[in-house]
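Each remark here refers to the structure printed beneath this line.
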Amino acid sequence: MSNIVLQVEDLHTSFFTRAGEVKAVDGVSFFVREGETFGIVGESGCGKSVTGLSILRLLPEPSGQVTKGKIILEGKNLLELSKKTMRAYRGKMISMILQDPMTSLNPVYTIGDQISESVRLHQDLPENMVEGEVISALRLLRIPDPEVRTREYPFQLSGGMRQRVVGAIAMSCRPRLLIADEPTTALDATIQAQYLALFEDIQVKTNVAIIFITHDFGVISRICDRVGVMYAGKILETAPTRDIFKAPKHPYTAALISSVPQLDKKDEKLFSIEGQPPSLLHLPPGCRFQPRCTVAMDICKEQEPPEVKLDENHSVSCWRVK
Amino acid sequence: MADVLLEVRNIVKHYPVTRGLLQRTVGWVRAVDGVSFTVEDGKTLSLVGESGAGKTTIAKQILLLEKLTSGNIIFQGKDIYKYSAAELKRDYRPKVQTVQQNPWSSMNPRMRVRDVVGEPIFVNAKLAKKEVYENVGKLLNQVGIDPEGMNRYPHEFSGGQRQRIAVARAMALHPELLILDEPVSALDVSIRAQIMNLLKDLQTEFNLSYIVIAHNLATVRYMSHSVAIMYLGQLVEYGESEALFNNPLHPYTKALISASQLTLPEDAKDSSKQIILSGEMPSPLNPPAGCRFHTRCTEVMDICSKEIPEMKTIGTQQVKCHHYT
Chain B
1 MSNIVLQVED LHTSFFTRAG EVKAVDGVSF FVREGETFGI VGESGCGKSV
51 TGLSILRLLP EPSGQVTKGK IILEGKNLLE LSKKTMRAYR GKMISMILQD
101 PMTSLNPVYT IGDQISESVR LHQDLPENMV EGEVISALRL LRIPDPEVRT
151 REYPFQLSGG MRQRVVGAIA MSCRPRLLIA DEPTTALDAT IQAQYLALFE
201 DIQVKTNVAI IFITHDFGVI SRICDRVGVM YAGKILETAP TRDIFKAPKH
251 PYTAALISSV PQLDKKDEKL FSIEGQPPSL LHLPPGCRFQ PRCTVAMDIC
301 KEQEPPEVKL DENHSVSCWR VK
Chain G
323 MADVLLEVRN IVKHYPVTRG LLQRTVGWVR AVDGVSFTVE DGKTLSLVGE
373 SGAGKTTIAK QILLLEKLTS GNIIFQGKDI YKYSAAELKR DYRPKVQTVQ
423 QNPWSSMNPR MRVRDVVGEP IFVNAKLAKK EVYENVGKLL NQVGIDPEGM
473 NRYPHEFSGG QRQRIAVARA MALHPELLIL DEPVSALDVS IRAQIMNLLK
523 DLQTEFNLSY IVIAHNLATV RYMSHSVAIM YLGQLVEYGE SEALFNNPLH
573 PYTKALISAS QLTLPEDAKD SSKQIILSGE MPSPLNPPAG CRFHTRCTEV
623 MDICSKEIPE MKTIGTQQVK CHHYT
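Just so you know, the sequences run in chain order B and G. Residues in the first sequence are numbered from 1 upward in steps of one, following the numbering used here. Residues in the second sequence are numbered from 323 upward in steps of one, following the numbering used here.
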């Protein structure tokens, strides 16, 4: 088994608002191994992006704060690092790709400028080698004509190419961990397929650990090794991708999977989960999925279910699973 | 066979590209370039394609928000450009309504839900306020919203509920055709199924016809009776939904289906099961010669870059590809 790169233990992140404490992440634990892709899937507002931002310590302080837990990257707890050390980690050890490439790129700098910024910042290279490094980052993301592209501006590229440039910036310092937050959501179907194939290729070449945040089960099925299903601030089930699809144990996972229309199945009526996710300000008592759960029992309304480990890779928080 | 409600015949939309002080036309964006299809009574046609394929332009043309460059749109047997202004207002516009993708931008945040949903009725029917609001209550009930909610504002509702309200507004004038432009793609996974089921139920209850614009093929298969696959302003494949999904003919359709399938990682290693296209869709300003798809096609032949393929009928499908001539 390969080394564990990142271990998140019992992470709690809250936003302190005038209406009260919003527990966006409420006790999340998971790990990612070297060369592995861990998917975090969930509906909007379930805390998947906040989990990513907490790892990078990029929460909008002071309203957003990690209140409890550990984030251990290769033996070091990121929450104990000084601000200065943390800055050196971002981009070098951990990098991030966001959903919309047009907002993550600066429109008035060339592609080359934007990639070389992180190269200069994190790698002690003589100036004449910086360009070579930039071009090799563009090559890694299979961007055609890298020498020409370095002198172009973001508006001159298509959406798919822009997202590759964002990927090139993220990979330019060969990080150990890459957090990808919905990187393919803004892309067209065929371009998305290209991008995902590219990710696998990069992972084989660099052995980077990837956290892939998405709401799209199609994407999950394609590139994740293991998946955590998040709901209202908590991971309800963690399992290898195959088990998530073929043998989901948590009623929420099962319901979510069967509510996604699939190409090779034609049902007359889609299964739909009634109701909506709860407000994070007023979580229901007991299990947080209980008000929408079709198999809820009395105990579900009273006590929060503990996490049950079925085996090394599969754990579930549900009173029905023993 | 059901009756044809709407027929689109060889429609074209070219936008001029102008340059300089005198705004001289230097080229044309061929957004829609000769598209034909029919929508039957009580059935759903889906338009599928990547962004820039021309799907939304077609929707705008049918809704009379864009003029045709050429071609005909025939509604209930009559060309809509032959309707007089009064006839359009009475016989066409109320019967063809739309639901937009984003329920956050398709409603005026300063209007109460009763006025959002009631506005089409106020404009088109001479009814007293009280009667209109009674209708609004019924409409909201149909789409699964508590009629009590009509006095609230749109921001007080969640995304799924807002999309229901948008559907209620589209239903207000008892339309025959709804144009649904990406009706579920802005919604969460667990909410999507609710809205898709609602749309199907309404279709059965009121014998509605739908034109669904979508990029997610699984959604399309679930919703539609027939499917038209678009690429660069043209249809590349068109046919009955089941046949098209079970036996896709055009290489582009095959690639799209491959991209939308759930593929578990261990299957993904088997590259024969996955088709990954190279490159991107060319600019509609300057489409490639011959077959428009030949620059990205995985089954390209010599003839593809030279001659434009014609639409061929094979069984219940039509396909525009040299492999079938």
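Even for Gly, the Cβ is constructed at its ideal location relative to N, Cα and C.
Start-to-end residues for the alpha helix (DSSP H) that takes in G/Gln525: Taking the first residue of the second sequence as 1, we reach residue 525 of chain G at position 203. 511-528 is the span of the alpha helix (DSSP H), which, as asked, contains G/Gln525.
So, is G/Ser365 buried or exposed, given that buried needs 16 or more other C-beta atoms within 10 angstroms? Position 43 of the second sequence, counted from the start, is the residue given in the question as residue 365 of chain G. Going by the sequence as given, residue 365 of chain G is Lys instead of Ser. Buried, because 16 or more other Cβ atoms sit within 10 Å of the Cβ of G/Lys365.
Mark G/Asn538 as exposed unless 16 or more other C-beta atoms lie within 10 angstroms of its C-beta, in which case mark it buried. The residue you call residue 538 of chain G lines up with position 216 of the second sequence. With 16 or more Cβ atoms within 10 Å of its Cβ, G/Asn538 is classed as buried.
Tell me the start and end of each unbroken beta strand (DSSP E) in the segment 388-464 of chain G that is at least 3 residues and wholly inside, in chain order. 392-397, 418-421
In three-state DSSP terms, what is G/Phe615? What you label residue 615 of chain G is simply residue 293 of the second sequence in a count that begins at 1. Of the three classes helix, strand and coil, the one that applies to G/Phe615 here is coil, per DSSP.
Can you look up B/Ile4 in the DSSP assignment and give me helix, strand or coil? Residue numbering aside, residue 4 of chain B sits at position 4 when the first sequence is read from its first letter. B/Ile4 falls in the strand class under three-state DSSP.
Leaving out five residues before and five after B/Pro72 in sequence, what residues of the same chain have Cβ atoms less than 6 Å from its Cβ? Mapped onto the first sequence, residue 72 of chain B falls at position 72. Going by the sequence as given, residue 72 of chain B is Ile instead of Pro. For B/Ile72, where only same-chain residues beyond five positions count, the Cβ hits under 6 Å are Gln7.
Tell me the DSSP secondary structure of B/Asp243 in three-state form. On the first sequence, residue 243 of chain B is found 243 positions in, with the first residue counted as 1. Reduced to three states, the DSSP call for B/Asp243 is helix.
G/Gly356 and G/Gln556 - do their beta-carbons sit closer together than 8 Å? One-based indexing of the second sequence puts residue 556 of chain G at position 234. One-based indexing of the second sequence puts residue 356 of chain G at position 34. Yes. Within cutoff.
So, does the CB of G/Leu566 fall closer than 8 Å to a CB anywhere in chain B? The count along the second sequence starts at 1 and reaches residue 566 of chain G at position 244. No, G/Leu566 does not count as interfacial toward chain B.
Beta-carbon separation (whole angstroms), B/Leu236 vs B/Tyr252, contact threshold 8 Å: Translated into the one-based positions of the first sequence, residue 236 of chain B becomes position 236. Translated into the one-based positions of the first sequence, residue 252 of chain B becomes position 252. The pair is a contact, with the Cβ atoms about 5 Å apart (cut-off 8 Å).
First and last residue of the uninterrupted alpha helix (DSSP H) at B/Ala254: Taking the first residue of the first sequence as 1, we reach residue 254 of chain B at position 254. Segment 251-259, the alpha helix (DSSP H) holding B/Ala254.
Beta strand (DSSP E) runs contained entirely in the segment 64-134 of chain B, provided each spans 3 or more residues: 64-73, 94-97
Could you tell me the alpha carbon to alpha carbon distance between G/Glu621 and G/Leu571, rounded to whole angstroms? Here residue 621 of chain G refers to the residue found at position 299 when the second sequence is read from its first residue. Here residue 571 of chain G refers to the residue found at position 249 when the second sequence is read from its first residue. Whole-angstrom Cα-Cα distance: 12 Å.
Going by Cα to Cα distance, which pick from G/His496, G/Ile625, G/Val489 is closest to G/Asn519? Taking the second sequence and counting its residues from 1, the one referred to as residue 519 of chain G is at position 197. Of the candidates G/His496, G/Ile625, G/Val489, the one whose C-alpha sits nearest the C-alpha of G/Asn519 is G/Val489.
Check whether B/Gly42 and B/Val260 have beta carbons under 8 Å apart: Sequence index remark: in the first sequence, residue 42 of chain B carries index 42 (1-based). Sequence index remark: in the first sequence, residue 260 of chain B carries index 260 (1-based). Not in contact: B/Gly42 and B/Val260 (Cβ atoms no closer than 8 Å).
Under 8 Å, Cβ to Cβ, is there at least one residue of chain B near G/Asp503? Within the second sequence, the letter at position 181 stands for residue 503 of chain G. No - not a single Cβ of chain B is within 8 Å of the one on G/Asp503.
Among G/Gly399, G/Arg331, G/Tyr560, the one whose alpha carbon lies nearest that of G/Thr638: The sequence position of residue 638 of chain G within the second sequence is 316, counting from 1. Taking only the C-alpha atoms, the option nearest G/Thr638 is G/Tyr560.
Sorted by chain position, which residues of the same chain lie with C-beta nearer than 8 Å to B/Gln99's C-beta, five sequence neighbours on each side aside? The count along the first sequence starts at 1 and reaches residue 99 of chain B at position 99. For B/Gln99, where only same-chain residues beyond five positions count, the Cβ hits under 8 Å are Asp181, Glu182, Pro183, Thr185, Ala186.
Using a C-beta to C-beta distance shorter than 7 Å, which residues of chain B count as neighbours of G/Ala577? Counted from its first residue, the second sequence places residue 577 of chain G at position 255. The contacting residues are Thr190.
Straight-line CA distance for B/Leu157 to B/Ile55? As a working mapping, residue 157 of chain B is identified with position 157 in the first sequence. As a working mapping, residue 55 of chain B is identified with position 55 in the first sequence. Whole-angstrom Cα-Cα distance: 31 Å.
For the alpha helix (DSSP H) that B/Ser54 lies in, which residues bound it at each end? As a working note, residue 54 of chain B is residue 54 in the first sequence. 48-56 is the span of the alpha helix (DSSP H), which, as asked, contains B/Ser54.
For B/Ala186, which residues does DSSP report across the bridge? As a working mapping, residue 186 of chain B is identified with position 186 in the first sequence. DSSP, once it has assigned bridges, lists no residue as partnering B/Ala186.
Length of the line joining the Cα atoms of B/Ser315 and B/Gln276: Here residue 315 of chain B is taken as the residue at index 315 of the first sequence, counted from 1. Here residue 276 of chain B is taken as the residue at index 276 of the first sequence, counted from 1. Each residue's alpha carbon lies about 24 Å from the other.
At a threshold of 7 Å, does G/Ser392 count as lining the ligand PLP (C-beta to nearest heavy atom)? What this structure holds is no ligand at all, so the ligand PLP is not there to describe.
The segment 482-514 of chain G: positions lying closer than 8 Å to chain B by Cβ: Gly482, Asp510, Val511, Ser512, Ile513, Arg514
Contact set between G/Ala611 and chain B, taken where Cβ atoms lie within less than 7 Å: Locating residue 611 of chain G in the second sequence gives position 289, counting from the first residue. By Cβ distance, chain B contributes nothing, its closest Cβ being about 21 Å from G/Ala611, past 7 Å.
Just the Cα atoms here: how many angstroms apart are B/Leu121 and G/Ala508? Translated into the one-based positions of the first sequence, residue 121 of chain B becomes position 121. Translated into the one-based positions of the second sequence, residue 508 of chain G becomes position 186. If I take the Cα positions, the gap works out to 38 Å.
Report the partner residues of G/Tyr646 according to the DSSP bridge assignment. By 1-based counting over the second sequence, the position of residue 646 of chain G is 324. None, per the DSSP bridge assignment.
Excluding five sequence neighbours on each side, which residues of the same chain lie with their C-beta closer than 7 Å to the C-beta of G/Arg436? Working through the second sequence from its first residue, we reach residue 436 of chain G at position 114. Tyr455, Val458, Met472, Asn473, listed in sequence order.
Among the residues of its own chain, which have a CB less than 6 Å from the CB of B/Ser258, if the five just before and after it don't count? Here residue 258 of chain B refers to the residue found at position 258 of the first sequence. Once the five neighbours on either side are set aside, the close Cβ partners of B/Ser258 are Phe271.
In chain B, which residues lie less than 9 Å from G/His537 when you measure between Cβ atoms? As a working note, residue 537 of chain G is residue 215 in the second sequence. Result: Asp188, Ala189.
Spatial neighbours of G/Pro631 within its chain, please: C-beta separation below 6 Å, excluding the five flanking residues on both sides. As a working mapping, residue 631 of chain G is identified with position 309 in the second sequence. Cβ neighbours of G/Pro631 beyond the five flanking positions: Cys613, Lys642, Cys643, His644.
Rounded distance between the beta-carbons of B/Lys70 and B/Leu59, thought under 8 Å: The count along the first sequence starts at 1 and reaches residue 59 of chain B at position 59. The count along the first sequence starts at 1 and reaches residue 70 of chain B at position 70. Incorrect: roughly 16 Å between the Cβ atoms, too far for contact.
Indicate whether G/Ala611 and G/Ser627 have their beta-carbon atoms separated by less than 8 Å. The count along the second sequence starts at 1 and reaches residue 611 of chain G at position 289. The count along the second sequence starts at 1 and reaches residue 627 of chain G at position 305. A contact, by the Cβ cut-off of 8 Å.
At 4 residues or longer, what runs of the alpha helix (DSSP H) sit wholly inside the segment 465-494 of chain G? 481-493
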